[in-house]
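Chains as they are written, first to last, in the numbering used here: chain U, 4 to 295; chain H, 4 to 295.
No residue lacks a Cβ here, since even glycine has one placed at the ideal position from N, Cα and C.
In this text, all values refer to a predicted model and were calculated from it rather than measured experimentally.
There are 2 protein chains.
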Amino acid sequence: MLNWSQLPSLSALRAFCAFVQRGSVADAGAALNVSHAAISQQLRALETHLGTPLFDRSNRALELTPEGQDLARALEDGFGRIAAGVEALSHTEAHRPLNIGCTPTFASAWLMPRLAGFQADHPGIDMVMSPSPSLVDPAPGGIDVAIRYGTGDWKGLDSVELMASPVVVVGAPALFKGDTPKTPADLIRYPWLEELGTHESSSWLAGQGLQNERVLSRTEVPGNLMIDGARNGQGIAVTTRIAVAEDIEAGRLVAVFEERRDAGYHLVTKPGVHRPPLKAFLRWILREVRKT
Amino acid sequence: MLNWSQLPSLSALRAFCAFVQRGSVADAGAALNVSHAAISQQLRALETHLGTPLFDRSNRALELTPEGQDLARALEDGFGRIAAGVEALSHTEAHRPLNIGCTPTFASAWLMPRLAGFQADHPGIDMVMSPSPSLVDPAPGGIDVAIRYGTGDWKGLDSVELMASPVVVVGAPALFKGDTPKTPADLIRYPWLEELGTHESSSWLAGQGLQNERVLSRTEVPGNLMIDGARNGQGIAVTTRIAVAEDIEAGRLVAVFEERRDAGYHLVTKPGVHRPPLKAFLRWILREVRKT
DNA sequence: TTCAACATGTAATTCAAACTTACATAATGG
DNA sequence: CCATTATGTAAGTTTGAATTACATGTTGAA
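1. Taking 7 Å as the CB-CB limit, is R84 (chain H) close to chain U?
2. Please classify H39 (chain U): does DSSP put it in a helix, a strand, or coil?
3. Going straight from the alpha carbon of D147 (chain U) to that of K273 (chain U), what length do you get?
4. At 4 residues or longer, and completely inside the region 115-179 of chain U: list those alpha helix (DSSP H) runs for me, N to C.
5. When the cut-off is 7 Å and only beta carbons count, does G127 (chain H) lie next to chain U?
6. Output, in sequence order along the chain, the residues in the region 25-49 of chain U whose CB is closer than 9 Å to any CB in chain H.
7. From what residue to what residue does the alpha helix (DSSP H) around N227 (chain H) run?
8. Counting only C-beta atoms, is L67 (chain H) closer than 7 Å to chain U at any point?
9. Quick one: does R63 (chain H) have its CB under 7 Å from some CB of chain U?
10. Which ranges does the beta strand (DSSP E) cover as unbroken runs of at least 3 residues, wholly within the region 181-263 of chain H, from first to last along the chain?
11. Within 8 Å, do at least three Cβ pairs link the region 161-171 of chain U to the region 258-278 of chain U?
12. Among U:L67, U:R60, U:Q122, whose alpha-carbon lies nearest the alpha-carbon of A283 (chain U)?
13. So the candidates are H:L53, H:G71, H:T51; which of them puts its Cα closest to the Cα of D59 (chain H)?
14. Is it true that the region 35-45 of chain H meets the region 106-120 of chain U, where meeting means three or more beta-carbon pairs spaced less than 8 Å apart?
15. For A31 (chain U), which residues in the same chain have their Cβ closer than 7 Å to its Cβ, ignoring the five residues on either side in sequence?
16. May I ask you to verify whether the region 153-162 of chain H touches the region 228-236 of chain H, counting CB pairs closer than 8 Å and requiring at least 3?
17. Does G81 (chain U) come out as helix, strand or coil in the three-state DSSP assignment?
18. From this set, U:T108, U:L190, U:G83, U:G54, which residue's C-alpha is nearest R151 (chain U)'s C-alpha?
19. Could you please give me the residues that DSSP links to N102 (chain U) through a beta bridge?
20. Rounded to a whole number of angstroms, what is the C-alpha to C-alpha distance between D124 (chain H) and G153 (chain H)?
21. Show which residues of chain H have a CB atom less than 9 Å away from the CB atom of S8 (chain U).
22. Just to check my reading of the structure: L1 (chain H) and E216 (chain H) have Cβ atoms closer than 8 Å, yes? What is that Cβ distance to the nearest angstrom?
23. For D80 (chain U), go through chain H and note every residue whose CB falls closer than 7 Å to its CB, in chain order.
24. Closer than 7 Å, CB to CB, is A149 (chain H) near chain U or not?
25. With DSSP as the reference, label V89 (chain U) as helix, strand or coil.
26. Can you list, in chain order, the residues of its chain with a C-beta nearer than 8 Å to that of V131 (chain U)? Leave out the 5 residues immediately preceding and following it.
27. With DSSP as the reference, label D265 (chain H) as helix, strand or coil.
28. Alpha helix (DSSP H) containing P17 (chain U): first to last residue?
29. What are the start and end residues of the alpha helix (DSSP H) that includes W287 (chain H)?
30. Could you tell me whether the Cβ atoms of G81 (chain U) and I230 (chain H) are closer together than 7 Å?
31. Beta-carbon within less than 8 Å of T183 (chain U)'s beta-carbon, same chain only, minus the 5 sequence neighbours each way: which residues are those?
32. Just checking: is the beta-carbon of E70 (chain U) within a distance shorter than 7 Å of some beta-carbon in chain H?
33. Grab me the residues of Q214 (chain H)'s own chain with a C-beta within less than 8 Å of its C-beta, minus the 5 sequence neighbours each way, in chain order.
34. Rounded to whole angstroms, what is the Cα-Cα separation between T201 (chain U) and T242 (chain U)?
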């Protein structure tokens, strides 16, 4: 086990190593971004600490004593190993792709159409989209950031609101045949679509006091297909405003109920440091949201 | 060539390495003689600098991420190499014998009789005596300390006076046969002894204004034999008071002239740091002198 | 479940190592 | 011999790192 307590000051060792590599006190200072005097003092402190002359100061230019040469070799090895380790880390980190977790709905409706812009701005950053209805924790080495729908209170995780978005209940105009439902209870008569692995429709109905009612039929479909199904008149869907904004605008879907809640999409990250690609992404997406 | 400028703070790296070895923040603090809070802050600073999470903080005890493990390996290697180099240095240094240069006369008359005391006090320190009339520079790796006769003004070297000691001119009572010389000029009639490699007798005579006189005979002998020769009545010798103090006391030699000059024996060292054995010796010899 | 013990995090202040500036000393080379 | 180059020293300042004190959160036993 390393005995730290009797190791000389690391800055002194660093100064010595820089001096050895650069060959002069002034150059060593330049390499470390400090003055020559700083190096001079560190070198003297090192000699004092070790109780050994490391230099022959008889000439103008310092020369290493045999002891100094031994130490130099050890330090160049040691610091070299350390620097290599640090650099390797930065490299692998910089190149590990950015891993984004979000719901299939949000991905196809909002994120994917804009992502090209981000990739154009940051050609060095590879990305992996992990669309998944289940809300995976952003873990180190796994998901870097998750985009989640909720109220922003994920315990143990940091979140910032991306955009508020009410829950809407939508259906195709063809489904209603002009007879648009007036109350939530009217919806019982229709077939429902639900995203695989979620229970949004039931919880919405429960929120309306209809938790015991059975709807006409309930079809579970993969997330990306739910909106498609709704558009085709296959049933009622519960989703967020953002995901169907364009469809409503274009008249392909009708929002029959809309519930103003203080919920919305959030950027959720692990507390702690963000690696540079992640920082870039967060900056970009927040700017992107502000545009609209 | 190492690029120092983008290396993280070395104390942060050290803290990280200590944490890895000890397994907890608090223990790492203990190993480095700092508080747990200091370590905590260093670790966070390191993560921030690298832009990479090094720990999984979801549990109470920190766990290394894969990146953290890579870095840990590099740091343990690197710091290990450094520590080994430093330790090797201290070891070889501590064991290199102490090299003392002094005149043969002083060695046999004053130093050798007392040296046993030093060695008894410092059993770990080996010594090499280098008696030599020529005044060798104490150089790194060579002589650690020289004991020289003079006035203390050796340019480029540090010196402290060990003891003042006038120059004396001595001869055996048998040589003078009761007819002790009264003036320096009287000494011309006697045979002279001179230490090999020195010119003390001629310069003493020159100091008395007798630079052009020829003495009866001049015999050059190795330093350690000069006093012996004088004792045996083989001639006049010029030396220092200290070297013949006991002989004069015991009546084996007579001091015919004594010149009070501000000269004496000095401890002469290279400026700069003194390694521990040298410091011990200097402390010892100065205390030894003060005893008398 | 609740509480004590443990492990780490954070904020504010204090402290000291390390740096800068300015001047000094000394060697080298034209 | 002087200009130039290289290092040393001293004094004062800066800032990185430490301490202290309190907070947060987990674990395990009562």
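The short version:
1. yes
2. helix
3. 8 Å
4. 115-124, 176-179
5. no
6. R25, A34, L35, N36, R47
7. 226-234
8. no
9. no
10. 194-198, 220-224, 240-243, 257-262
11. yes
12. U:Q122
13. H:G71
14. no
15. A18, A21, F22, R25, I42
16. no
17. helix
18. U:T108
19. U:V131
20. 29 Å
21. A34, L35, N36
22. Residue 1 (chain H) falls outside the range modelled here, since chain H spans only 4 to 295, and no answer is possible.
23. R84
24. no
25. helix
26. P100, L101, N102, I103
27. coil
28. Inspection of the sequence shows that residue 17 (chain U) is occupied by Arg rather than by Pro. Start and end: 13-25.
29. 279-293
30. no
31. V257, V259
32. yes
33. S205, L208
34. 11 Å
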